[in-house]
Structure formats: C-alpha cells, structure tokens
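S.K.: Chain order of the listed sequences is A and B. Its first residue numbered 1, the first sequence is counted upward by one per residue in my numbering. Its first residue numbered 302, the second sequence is counted upward by one per residue in my numbering.
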Amino acid sequence: MGIINSIPLVLMLTAPILITAIGGMICERSGVVNIALEGLMAIGALGAAAAHVLMESPLGHGLSILISILIAMIASMAFSALHGVCAINLNSDQTISGVGINLLADGVTIFVAQILFSADRTKEFMFGMHAGTGNIYPSAWISIIVLLLVWYVLYELPYGLHLRACGEHPESAESAGINVRKIRWSAVLISGALAGLAGACCVLTQSTQFTNNLINGKGYIALAAVAFGRWKPLGVFLASLLFGLAQTFALIAVNIGALSSIPSEVFNIIPYAVTLIALICFSGKNYAPAASGKPFTVSGS
Amino acid sequence: MGLDNKKGKLLGHDRDELINLADKALKREGVISVIVVLLGFLLGTLLIAFVGKNPSGMYSSIWQAITGHNTVTGRFNIRNIGDTLNYLVPFTLCGLSIAFAYRAGLFNIGAEGQYIVGMTVATVCAYYGPKVPVIHAVYCLLMATAAAAAYGGVVGYLKSKFEVSEVVATIMLNYTALYLSRMVCMALPGATTYNTSPFPKTALMKWGPLESMFNGSTINLGILVLVFGLLVYWFIMEKTILGFELKATGFNKNASLASGIPTRRSTILSMAISGAFAGAAGAVVAIGSFTYGRIVSGMDNYGFNGIAVALIGNCKTIGILLAGYLFGVLKQAQQFMQTRGVPREVTFIIQGVIVVFIALRSAAEIMRARISKMKVGDSKAKSGAPASVKAE
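1) Just the chain A side, please: which residues come within less than 7 Å of B/M473 by C-beta, in chain order?
2) In chain order, what residues of the same chain lie with their CB nearer than 8 Å to the CB of A/F237, ignoring the 5 residues before and after it?
3) Candidates A/L189, A/E171, A/C202: which alpha carbon is nearest A/I142's?
4) Which residue's Cα is closest to the Cα of A/L66: A/L116, A/S139, A/A119?
5) Relative to the C-alpha of A/G100, which candidate in B/I410, B/S466, B/M420 has its C-alpha closest?
6) Considering only residues of the same chain and omitting the five flanking positions on each side of B/A492, which have a CB-CB separation below 7 Å?
7) Kindly list, in the order they appear in chain B, the residues whose Cβ is closer than 8 Å to that of A/T95.
8) Taking Cβ to Cβ, would you say A/A105 is nearer than 8 Å to A/A42?
9) In three-state terms, what does DSSP make of B/G594?
10) Below 7 Å between beta carbons is the criterion; list the residues of the segment 202–231 of chain A that meet it against any residue of chain B, in chain order.
11) Across which residues does DSSP place A/H61 in a beta bridge pair?
12) Please determine if the segment 604–623 of chain B and the segment 329–348 of chain B are in contact, where contact requires at least 3 C-beta pairs separated by less than 8 Å.
13) Do you know whose CA, among A/G257, A/A258, A/I252, lies nearest A/S264's CA?
14) Since I believe A/G44 is in contact with A/G219 (beta carbons under 8 Å), could you give me their beta-carbon distance rounded to a whole number of angstroms?
15) Using a C-beta cutoff of 8 Å, does A/I26 count as contacting chain B?
16) Among the residues of its own chain, which have a CB less than 6 Å from the CB of A/M129, if the five just before and after it don't count?
17) Here's the rule I'm using: 16 or more other beta-carbon atoms within 10 Å means buried, otherwise exposed. How should B/E464 be labelled?
18) Flag this pair as yes or no: are the beta carbons of B/I608 and B/V656 separated by less than 8 Å?
19) At a Cβ cut of 9 Å, what residues of the segment 650–671 of chain B count as close to chain A, listed as they run along the chain?
20) Output yes or no for whether 8 Å exceeds the beta carbon distance between B/V422 and B/A450.
21) CA-CA distance, B/A577 and A/E56?
22) What does B/L612 touch in chain A if you count any residue whose Cβ is under 8 Å from its own?
23) If B/G341 and B/I651 are in contact, beta carbons under 8 Å, what's the gap, nearest whole angstrom?
24) So which residues on chain B does A/E265 lean against when the C-beta distance must stay under 7 Å?
25) Tell me B/H370's beta-bridge partners as DSSP assigns them.
26) Are the CB atoms of A/S80 and A/A51 within a distance shorter than 8 Å?
27) Under DSSP, the beta strand (DSSP E) around B/T497 begins and ends at which residues?
28) I need the boundaries of the alpha helix (DSSP H) containing B/P431, first residue and last residue.
29) My guess is that A/I22 and A/V153 are in contact by the Cβ rule of under 8 Å, so how many angstroms apart are they, rounded?
30) For B/N387, which three-state DSSP category applies?
31) Run through the segment 469–512 of chain B for me and flag every whole beta strand (DSSP E) of 3 or more residues, listed as ranges in chain order.
32) In this structure, how does DSSP classify A/D93 when only helix, strand and coil are distinguished?
33) Quick check on the burial criterion: 16 or more other C-beta atoms within 10 angstroms. Buried or exposed for B/D317?
34) Between which two residues does the alpha helix (DSSP H) harbouring B/M538 extend?
35) Is A/V203 helix, strand or coil when you go by DSSP?
36) Decide if A/T275 is buried, meaning its Cβ has at least 16 other Cβ atoms within 10 Å, or exposed.
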C-alpha cells in the first residue's frame, strides 16, 4: 500500500543526497576530494534554519525561505573556501582538511545556535517549504534542475571540458593554457554552495529546526553516491535515488507487513554496504578521476 | 660599486641569519605542532571575545581540568584531575591507532568505526563472558581488540587485494559499524532506546582504591591499557623488524617491494593493528567509563579526533601522549566552561581548527622551498654558478 503513496517521501529524502552528491562529483572531477560534504551540509542546514526562524514573520514565508536558502549556500561556500585554501593553495592532504572541516562544523553549528538561541539547537520555525502538486516538495524539482544544469555544463560547455581535464591530467591541462588552480577553486566553491543548498532543503522539508543529528551521515551517503555512481551524472542520480529509497524504507518499513520484522538499521546500512561492494567489483577498472586527491604543484614556480 | 657591495653584505648578513633561523624552526616538526595548537587557541579566544563572552572563563576551566583547582570558588578537587586522565585514554589510544596506519602510509579514517566495534563487542562480552573477577574484564578487552583488529584488517585486505581506497572504505564502514552496533545492543538484556541494563560487576574496569584516591573520579584501570598500548606502539615501531618494514612500506612502497618486504602483508597488518588500538579505546570507554551498555545514536568522535592527536603528535609515542592529554583536558574543561557562561562548543571549534591548520605542515614545506630558493639566489650571486634546488 505504501509504495505509491510514499513517492513524495522518497523524493524528499533523495533531493538533499542528490544535490550534495552532484557537488561532490564536480569537486572530484576537478581533482579535489571533498570529504567535508557532511560538515558543509550541516552548516547549510543551520544557516537556513536560523535565518528562517529569524525572518519568517517579518519578511513573510516565501521571501524568507528564498533568502534562507541563499544564506545557507553562501555560508557553506565560505566554509568550502577553507578546504580550497588547504587543498589547492597549500597542497595539504585533502582528506585531513576535509575531516577538519567536519569537526569544525560540529562545533560551529551548535556554537552559533548557542549564541542566537541559547540552546544546542535552533528554535522551531512555523512552516518549512510547502509541498506542491502531488505532495511533492520543491526540493525535488530543484535537485532535478541542478542535475540537468550540471550535466549540460560538464559535457556541453568548454568550462566542463576544462574541469574534467584538470581531474584527469592537470599537467596537460596546464600546458594547454588552462588555469588548473582557478578551475579547481571554482569546483570547490560550487560543491560548497550545493552542499549548503542541500542542507537547506534537508532542514526545510524534513524538520522544523536544526539539531546536531539532523544531517547524521547524509553527507557521507552523498559521498558514497558519487563513488557508486562512478563519477557520472546519470550514475550519481540513480545511486542517490537508490539511497533515498533505502532511507525511505528505514522510515516506513515498520508499517509494511512483510518488512516490519526487519530492523530499520538494515536499510540504513544499505548505502554504505552497496558502495563498498561496488568498489570491490569496480576494482581494476579505474572509474575515478585519475588526479583526484592529488595536489597540483605548478612546476618551475 | 664598493659601497653597494658593503651595504649588500651587511643587509645580507642579517637576512641570512633570519632565513637560517626560520629554516631551522620550520624543519622541527614539534615547533609546527606547537604553532598549530597556539593558533587554534588564539582563534578560539578571539571567537569567544567576538560574541561578547569572557575568554578567561575558558582558560580558568582548562586550568581546573589540569590542576583540579577551581579559581572561582578557590576549592581544590582531585577528582577533576582523575576525570581528565580518564578522557585522555580513548583520545590517546585512537591517536595511536591513526598514527600506526599513517606511518605505514595508510590513512585510517575508520578508527571511529573500529572504536564502535570495540565498544559493542566489549558490551556484549560484559553480559555473556565468564563472570570471574579480572578475567572477565580482560576477556572483554581482548575480544573487543580482536574484533576491531579484524574490522580494520578487512580494509587492509581490500586495499592490497582490490586496490579499494582505504579512505573511502573506512568511511563506509564507520556508519555501518554504528548501525550494526545499534542492532546488536538493542537485542541485549534490558535494552531501551538509549541504554541496556547494568553490567555485572566483574566486567567493569573500576578499581576501588584508584577511585577513592581520586575522590570518586571516573578514572579506572583503562589507564593501564593505555600504558601498555604506548609501550606496544613504541616497541613495534622502534625495535622490531615488523615496524621497520611498515615504515619502509609507508615511505616508498615500490622500493620496499623491490627489496623483498612483503608490502601486501604490511598493509593488512598495519590496518589490523591500527584497528586493535581503536578497539581497545572502545572497550575502555564501554566497561571503564560506563557501568551499563549504551545504544549509540551518533559518533563519539574519539576516532576522528584521534586523527588530530596523531598528527599533532607527529606520530611519535610521546607526542601522541601529549596531544591526547591536550584533547582530554579540553573535553574535561567543557563542563566547567558551560557554568562560566562560555559555550562549550568552542572546544570543538578549537579541535577542528587544529586539524585544518595541520595543513600548515605542507605550507611550511612551501615556505622552506621559498627560503632555499632565496639562499640559492644568494649563492648564485656570489659564485655565479648555478646551484641545484633541493625540493625538500
């Protein structure tokens, strides 16, 4: 009974994963690994929730949502700039700076909530995003638009070609006159903005306030979706959909007779287990961008 | 011309000395660690001041965590020192875990997951182990360590056999461990949403005399596990052939393979031993700090902070212990900070900032490259002959 009725739920849970994963994909295709997605989503979610709580009554619902999303994107983008400085300018280990930003986000989000609302969470806002036709939230449409836009940019525009070149063979790209660092910077900032957008969608559709376990691994699921989707837009889309479905089952399995005996944790594990198995099966065939995670040093400087 | 030369020499002399000093300082890894930590605290202090709170609250809390002396009431309580030492244990053990893999050239982000596996297995064994004093607790610890070693070793196997990146694999296994732990612990006696029924007394690492010495602190025999762990780490790394092989593999895998070192075995072993350290940390927290089983809903973050501990400690035994102490102090100081009106989350921010600033290590290398270029520039001017630039 629940399967058809729960399509809006699947889309609601898939949208943030998909948007974040697309950002992560762009970042990795340019040659920068972004483990910080989890923390960046949290920053976005906090930014959106806090802004919406403060602006909802003075500005009106619609305008407040728009500005909150914008604030979330800018905040996450600012944090991803930190990753950019470490990974691109200082040649530091990209995994370390990613972990650092995740830890930092843990502190910063609750710190801001403490300062603004004197609690370890934001106040509750009255209404999040309103669901439209078919009970589907706008976040689903946003994620589809982002997906199509990114596919077009990556494969139809010169910028996309340059970006992919930077992730595969930065030396060649540089010698062909492409500014590798500039391209990588743009990719990191875009992935930050998208993670912020996803965090905002997450808090505005799935909750009424920001708490420290709102994101709880969604950023890592997005990271899994990038790898399981083989770093390609269609693959990432299908992987995100699968993982969104798994999250839906984790929530509603209790109500479905045949599945009610399975603990929800089994569905929670699916994204991670599936990705790990897929990585083992893909082994030997290098789908990952060749230069992903390797710092690029301009020779002769 | 002569005047110019003299002037250049004078200025050049001062400059040379300054450059040499900077070069020497940046070469010392310990100096960089201290700079990174100081920068973290500086940023934390500025942040507290920026939001209109008094930063001295943070420092008096830290003072209290270290010395047990409360500067507000003037009272002294040795319990605070004991609690800090208790927090030091899991941080340092997780630091050893990450450092062990790191020196073999592997990045174990999965210490968090291995920690959870250790915690879960210790919890299970606490109910179903042999209820004999001492033996029971040791049994819990050994089982937890073995299970976590297997959980880490799998990653090493996948890495050496299928070339699966250990970073991605361990990230996947972290949350897998979290949900598996929930499933297992929900099936234990007296399971509610958050915890299970109290452990049998024989499973606990508590020791009366130690507790009363520290005025009822949470400190327990886990501290012995830590001492043993530090000795094992130091011994394997510095005194055994295995340690040499691991370090060689981390330094240059192909050269090691060519000179007959079984690098595949090194990879699996180092991940397994790394997991064992994290598992021991989990066991110490499970049956040392708690008297009942926990059903965890999120990460404890000991494993992730272990990355910072290992890197600040430069993967050296003493360094890791000092860094672990710093993190233990920060954790213990949190509760005092809250009562002094300073948001305790600032300690998380300091920890995060420290990890991000570890990037300074590579920045230091860039700076040194620049310095050596300046030097080369000088010698070029003097001799007129080109000099080769050493990258390191």
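Here a beta-carbon is modelled for each residue, glycine too, at the ideal position from N, C-alpha and C.
M.R.: A quick look at the data gives this:
1) Working through the second sequence from its first residue, we reach residue 473 of chain B at position 172. Those within 7 Å of B/M473 in chain A are A224, Y272, T275, L276.
2) Along the first sequence, read from residue 1 onward, the residue named residue 237 of chain A stands at position 237. L18, L147, G229.
3) Within the first sequence, the letter at position 142 stands for residue 142 of chain A. Each of A/L189, A/E171, A/C202 was checked against the Cα of A/I142, and the nearest Cα belongs to A/C202.
4) Numbered from 1 along the first sequence, position 66 holds the residue referred to as residue 66 of chain A. The residue with the shortest Cα to Cα distance from A/L66 is A/S139.
5) Position 100 of the first sequence holds residue 100 of chain A. Residue B/I410 is the option with its Cα nearest to A/G100.
6) Looking up residue 492 of chain B in the second sequence gives position 191. Excluding positions up to five away in sequence, the list reads C486, I596.
7) If you number the first sequence from 1, residue 95 of chain A lands on position 95. Within 8 Å Cβ-Cβ: F408, I410, V468.
8) Within the first sequence, residue 105 of chain A is the residue found at index 105, counting from 1. Within the first sequence, residue 42 of chain A is the residue found at index 42, counting from 1. Their beta carbons are under 8 Å apart, which means A/A105 touches A/A42 by this criterion.
9) Translated into the one-based positions of the second sequence, residue 594 of chain B becomes position 293. Taken through DSSP and simplified to helix, strand or coil, B/G594 comes out as strand.
10) N213, N216, G217, Y220, L223, A224, A227
11) Start at 1 with the first residue of the first sequence, and residue 61 of chain A comes out as number 61. The beta-bridge partner set that DSSP reports for A/H61 is empty.
12) By the Cβ rule, the segment 604–623 of chain B counts as touching the segment 329–348 of chain B, because three or more pairs are nearer than 8 Å.
13) Taking the first sequence and counting its residues from 1, the one referred to as residue 264 of chain A is at position 264. When each option's Cα is compared against that of A/S264, the closest is A/I252.
14) Within the first sequence, residue 219 of chain A is the residue found at index 219, counting from 1. Within the first sequence, residue 44 of chain A is the residue found at index 44, counting from 1. With a Cβ gap of about 10 Å, A/G219 and A/G44 do not count as contacting.
15) Your numbering for residue 26 of chain A matches position 26 in the first sequence. Not one beta carbon of chain B lies nearer than 8 Å to the beta carbon of A/I26.
16) Residue 129 of chain A sits at position 129 when you count from the first residue of the first sequence. Once the five neighbours on either side are set aside, the close Cβ partners of A/M129 are Y137, P138, L204, T205.
17) Reading the second sequence from its first residue, position 163 is the one you call residue 464 of chain B. Exposed.
18) Residue numbering aside, residue 608 of chain B sits at position 307 when the second sequence is read from its first letter. Residue numbering aside, residue 656 of chain B sits at position 355 when the second sequence is read from its first letter. Against a cut-off of 8 Å, the Cβ pair of B/V656 and B/I608 comes out as a contact.
19) I650, I651, Q652, G653, V654, I655, V656, V657, F658, I659, A660, L661, R662, S663, A664, E666, I667
20) In the second sequence, the residue the question calls residue 422 of chain B occupies position 121. In the second sequence, the residue the question calls residue 450 of chain B occupies position 149. Cβ distance not < 8 Å, so B/V422 and B/A450 don't count as in contact.
21) Walking along the second sequence from the start, residue 577 of chain B turns up at place 276. Walking along the first sequence from the start, residue 56 of chain A turns up at place 56. When rounded, the separation of the alpha-carbon atoms in B/A577 and A/E56 is 51 Å.
22) Against the second sequence, residue 612 of chain B aligns to sequence position 311. Simply I96.
23) Taking the first residue of the second sequence as position 1, residue 341 of chain B is located at position 40. Taking the first residue of the second sequence as position 1, residue 651 of chain B is located at position 350. With 8 Å as the limit, B/G341 and B/I651 qualify as a contact, their Cβ atoms being about 5 Å apart.
24) Taking the first sequence and counting its residues from 1, the one referred to as residue 265 of chain A is at position 265. Here the neighbours are Y480, R483, M484.
25) Translated into the one-based positions of the second sequence, residue 370 of chain B becomes position 69. For B/H370, which the question treats as bridged, DSSP gives the partners B/F377.
26) Within the first sequence, numbered from 1, the residue matching residue 51 of chain A stands at position 51. Within the first sequence, numbered from 1, the residue matching residue 80 of chain A stands at position 80. Result no, Cβ atoms of A/A51 and A/S80 do not sit closer than 8 Å.
27) Within the second sequence, residue 497 of chain B is the residue found at index 196, counting from 1. Counting along the chain, the beta strand (DSSP E) containing B/T497 begins and ends at 496–499.
28) For the purposes of this step, residue 431 of chain B is taken as the residue at position 130 of the second sequence. First-last for B/P431: undefined, no H or E at that position.
29) Taking the first residue of the first sequence as position 1, residue 22 of chain A is located at position 22. Taking the first residue of the first sequence as position 1, residue 153 of chain A is located at position 153. That belief does not hold up - the Cβ atoms of A/I22 and A/V153 are roughly 11 Å apart, past 8 Å.
30) Counting from 1 along the second sequence, the entry for residue 387 of chain B is found at position 86. DSSP places B/N387 in helix when its eight states are reduced to three.
31) Every beta strand (DSSP E) of 3 residues or more that sits fully in the segment 469–512 of chain B is shown, in chain order, as 496–499.
32) Locating residue 93 of chain A in the first sequence gives position 93, counting from the first residue. Reduced to three states, the DSSP call for A/D93 is coil.
33) For this step, residue 317 of chain B is matched to residue 16 along the second sequence. So B/D317 counts as exposed.
34) Along the second sequence, one-based indexing puts residue 538 of chain B at 237. Here the alpha helix (DSSP H) through B/M538 covers 523–540.
35) Counting from one through the first sequence, the residue named residue 203 of chain A turns up at place 203. If DSSP states are grouped into helix, strand and coil, A/V203 belongs with the helices.
36) In the first sequence, the residue the question calls residue 275 of chain A occupies position 275. With 16 or more neighbouring CB atoms inside 10 Å of its own CB, A/T275 falls in the buried class.
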